[in-house]
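Under UniProt numbering, think of the first position of the sequence shown as 1, with each following residue one higher.
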Amino acid sequence: SGLRKRKANTFDIPCRHSFSTVKPLNRFSVVHVSAGKNHSGIIDSFGYLYMFGCNKFGQLGVGDFKPRPGVCRVAGVLVGQRVEKLACGDEFTVVATNENHIYSWGNGESGRLGGEFIDQGIGP
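Structure, rendered in structure tokens:
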């Protein structure tokens, strides 16, 4: 596994102990960033949501549990809405949109996704 070799799953970047630019994100006009346990996300100036990192529990919101190389735009029910808030937790993600909708996905252990079921969700 990439983590056992002390490398990130997605960008294959070794652990860093100093500041460095995340070059794949340079093309975005980032207005918000959130970092979780093994995944992170950004919101750009258009309200689009982009995720990267581990997807073992579907926390990237791309509709599956497969590893994803690089940055992925999250669409689904978010199409036509602006994402305004983002929180990446331990293996789950929560967002709020301009239409006052809250979406959550990923590892739903202990009800952390806010739903009735303790389960995993793979996207908004």
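C-beta atoms are modelled at their ideal positions from N, C-alpha and C, and glycine is treated no differently.
- Thinking residue 84 and residue 96 are a contact (beta carbons under 8 Å), I'd like their distance in whole angstroms, please. That pair is a contact at about 6 Å.
- DSSP three-state call for residue 37: helix, strand or coil? coil
- Query: Grouping DSSP H, G and I as helix and E and B as strand, with all else coil, what is residue 53?
  - Reply: Looking at residue 53 - three-state DSSP - the assignment turns out to be strand.
- Query: Relative to the alpha-carbon of residue 88, which residue among 77, 112, 65 and 69 has its alpha-carbon at the smallest distance?
  - Reply: Answer by Cα proximity: 112.
- Message: Using a Cβ-Cβ cutoff of less than 6 Å, which residues in the same chain neighbour residue 29 once the five nearest sequence positions on both sides are dropped?
- Response: For residue 29, where only same-chain residues beyond five positions count, the Cβ hits under 6 Å are 44 and 45.
- Message: If you reduce the DSSP assignment to three classes, tell me which class residue 86 lands in.
- Response: DSSP, read as helix, strand or coil, puts residue 86 in strand.
- Item | Residue interval of the beta strand (DSSP E) (run including residue 48) | Careful: residue 48 lies outside any beta strand (DSSP E) and carries neither H nor E.
- Task: Locate the beta strand (DSSP E) running through residue 95, then write down its first and last residues.
- Result: Where residue 95 is concerned, the enclosing beta strand (DSSP E) stretches over 92 to 97.
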